[in-house]
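Heads up, the thing below is written out as structure tokens.
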Ligand code: UD1
Ligand code: CA
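This is how it looks when you write it as structure tokens:
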């Protein structure tokens with residue numbers, strides 16, 4: 004049986020250097036807030052019930068932002084250091100046997116493989132804890148790792164307390180630990196605040212456990228960037244870039260063609276099927292799912308949408324929370340504002356805006372239209388310039404178009420409006436009354452022709 008792992012994610016700090024009114028861990032990189040990345044990584048090796056987030060600054064917001072059911076929260080009202088952040092959770096945590104892993108909410112680049120290796124290293128040895136370290140060209144600001152004669156970790160010395168010789172050590176503490184939970188809780192009360200910052204340093208646990216007769220190991224990672232903690236907006240941008248590069252790489256290895264990938268944005272939660280082509284400057288965001296063999300045009304922005312196979316999205320098309328079935332064509336320059344469902348083979352052309360609209364299979368609105376709060380039947384054709392007047396200034400109303408209907412160009416349908424199956428609306432009509440199936444409705448001024456009028460006018464001058 005594998006030893007169970009409890010994960011504690013420290014996320015109580017404000018992150019002063021972000022210069023933000025929002026808590027640091029709520030800032031987004033790679034399409035997710037920082038702490039959500041860490042939770043998602045933890046979920047790859049332990050169940051939600053074993054994941055605890057320590058919150059303080061804007062704790063309510065952090066709780067709400069985390070979309071993972073089952074995880075626990077620990078309130079750290081005053082931030083008295085990383086050691087304090089873990090020990091305030093004693094009541095919830097101390098009863099959980101196995102390993103106690105501590106992660107930071109501002110380190111979203113850590114990979115599941117690395118943490119699994121940390122657990123395996125801890126499990127293979129006889130130490131009380133294993134911590135992640137890396138050789139850094141410039142470890143300024145990090146705790147330095149003092150090794151003992153046997154190669155274990157004797158002590159971590161924080162930057163502020165280090166002697167010049169200790170500052171010359173380039174092996175840095177990444178701040179990620181896997182403790183034996185029983186030994187951690189037995190000795191956690193030995194943490195003191197006798198340091199320049201007057202904080203409870205979690206790093207002191209190395210020396211404390213050693214003193215109690217238990218060895219501590221350090222596991223080196225090759226690239227310290229994986230444990231990069233975000234402190235300011237420059238690092239946020241850097242981490243965002245790294246996460247996006249990682250996602251793009253995965254998407255391409257999974258069979259998606261991405262043109263000019265350095266210009267394309269794909270959020271971590273997106274899924275894209277084989278043989279789909281993504282053109283330059285496209286942004287595919289949120290929980291969007293895209294099927295196989297689709298084409299996503301230049302500078303299209305697709306947020307929380309579901310696209311089946313063979314869907315074609317033209318350049319500069321924007322869509323949110325919409326569902327497009329197989330073979331739909333949308334754009335270029337279309338806007339599917341929210342909550343639309345476009346069925347198989349339907350067309351949404353240039354400068355067409357949809358809102359809360361259901362388009363049946365094969366329906367077409369090819370140019371310049373506003374179609375809001377409506378149901379459009381299969382195979383019907385909506386002409387250029389059609390407007391559904393869904394809003395009377397107070398309330399929204401529905402428009403229903405039957406199957407196979409034809410709405411002539413530049414028609415205005417004042418909702419609530421109903422056009423029956425197979426009906427025909429003459430171009431330029433203003434429709435205010437129901438149109439029965441298979442009928443023709445024309446609602447426009449009659450044309451007047453005055454023969455010779457123009458000629459006479461010219462002669463008068
Ligand atoms: C810590 C380590 C240092 C290591 C570095 C790696 C200590 C004493 N030092 O330093 O050895 O090299 O991480 O990045 O642990 N937090 C709380 N509550 C608190 C204090 C901190 O939740 O009371 C959270 C912060 O929000 C942050 C994380 O813990 O996400 C780390 O705290 P921070 O003060 O940034 O530690 P470092 O000085 O970076
Ligand atoms: Ca830090």
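Numbering (my numbering), first residue to last: 4 to 464.
From the three backbone atoms N, C-alpha and C, an ideal C-beta is built for every residue, glycine too.
Values in this document were obtained by computation on a predicted structure and should not be read as measured data.
Using a Cβ-based criterion (distance less than 7 Å to any ligand heavy atom), does residue i qualify as near ligand 4?
i           : result
residue 145 : You won't find ligand 4 in this model; what it holds is ligand 1 and ligand 2.
Using a 10 Å radius around the Cβ and a threshold of 16 neighbouring Cβ atoms, would you call residue i buried or exposed?
i           : result
residue 270 : buried
residue 142 : buried
residue 218 : buried
residue 52  : exposed
residue 167 : exposed
residue 395 : exposed
residue 244 : exposed
residue 362 : buried
residue 450 : exposed
residue 85  : buried
residue 21  : buried
residue 313 : buried
residue 40  : buried
residue 96  : buried
residue 505 : The first residue shown for the chain is 4 and the last is 464, placing residue 505 beyond what the model contains.
residue 399 : exposed
residue 250 : buried
residue 350 : buried
Compare the Cα-Cα distances from residue i to each of the options and report the closest residue.
i           : options               : result
residue 337 : 363, 74 and 301       : 301
residue 235 : 29, 450, 447 and 458  : 29
residue 32  : 312, 210, 304 and 240 : 240
residue 102 : 423, 115, 86 and 121  : 121
residue 411 : 405, 432, 401 and 89  : 432
residue 248 : 34, 7, 22 and 16      : 34
residue 206 : 191, 216 and 215      : 191
residue 439 : 403, 254 and 398      : 403
residue 318 : 286, 345 and 325      : 286
residue 185 : 334, 445, 369 and 104 : 104
residue 203 : 390, 381 and 79       : 79
residue 378 : 391, 178 and 208      : 391
residue 148 : 40, 228 and 159       : 159
residue 177 : 40, 273 and 135       : 135
residue 346 : 382, 65 and 320       : 382
residue 430 : 351, 386 and 458      : 386
residue 367 : 330, 393 and 446      : 330
residue 111 : 131, 216 and 242      : 242
residue 407 : 364, 373 and 417      : 364
Any idea what DSSP makes of residue i, helix, strand or coil?
i           : result
residue 222 : strand
residue 103 : strand
residue 331 : coil
residue 424 : coil
residue 38  : helix
residue 213 : helix
residue 153 : coil
residue 462 : helix
residue 291 : coil
residue 406 : coil
residue 457 : helix
residue 306 : strand
residue 208 : helix
So, for residue i: in the same chain, excluding its five sequence neighbours on each side, which residues have a beta-carbon less than 7 Å away from its beta-carbon?
i           : result
residue 340 : 323, 356, 357 and 358
residue 238 : 231
residue 295 : 276, 277, 278, 279 and 312
residue 258 : 277 and 278
So, at 6 Å on beta carbons, what are the nonlocal neighbours of residue i in its own chain, with the 5 sequence-adjacent residues on each side left out?
i           : result
residue 38  : 14, 28 and 108
residue 193 : 211
residue 260 : 280
residue 73  : 51 and 52
residue 315 : 298 and 332
residue 18  : 27
residue 342 : 324 and 359
residue 11  : 55, 89 and 105
residue 47  : 115
residue 266 : 283 and 284
residue 144 : 162
Leaving out five residues before and five after residue i in sequence, what residues of the same chain have Cβ atoms less than 8 Å from its Cβ?
i           : result
residue 133 : 121, 124, 125, 180, 181, 219, 220, 221 and 222
residue 442 : 423, 426 and 427
residue 7   : 49, 53, 99, 100, 101 and 102
residue 409 : 383, 384, 386, 426, 427 and 428
Of all Cβ atoms in chain B, is any one closer than 8 Å to the Cβ of residue i?
i           : result
residue 388 : Checking the listed chains, one finds no chain B in this structure; it contains a single protein chain.
- Query: Can you give, in chain order, each stretch of the beta strand (DSSP E) that sits fully within the region 334–390 and has at least 3 residues?
  - Reply: 338–341, 350–362 and 367–379
- What alpha helix (DSSP H) runs, 4 residues minimum, are completely inside the region 217–288? 236–256
- Whole runs of the alpha helix (DSSP H) within the region 66–131, excluding any shorter than 4 residues: The qualifying runs are 85–90, 93–96 and 115–127.
- Counting only runs of 3+ residues fully inside the region 16–60, write out the beta strand (DSSP E) ranges in chain order. Counting whole runs of 3 or more residues, the region 16–60 contains the beta strand (DSSP E) stretches 54–58.
- Task: Ignoring anything shorter than 4 residues or poking outside the region 158–205, list the alpha helix (DSSP H) runs there in chain order.
- Result: 167–170 and 184–190
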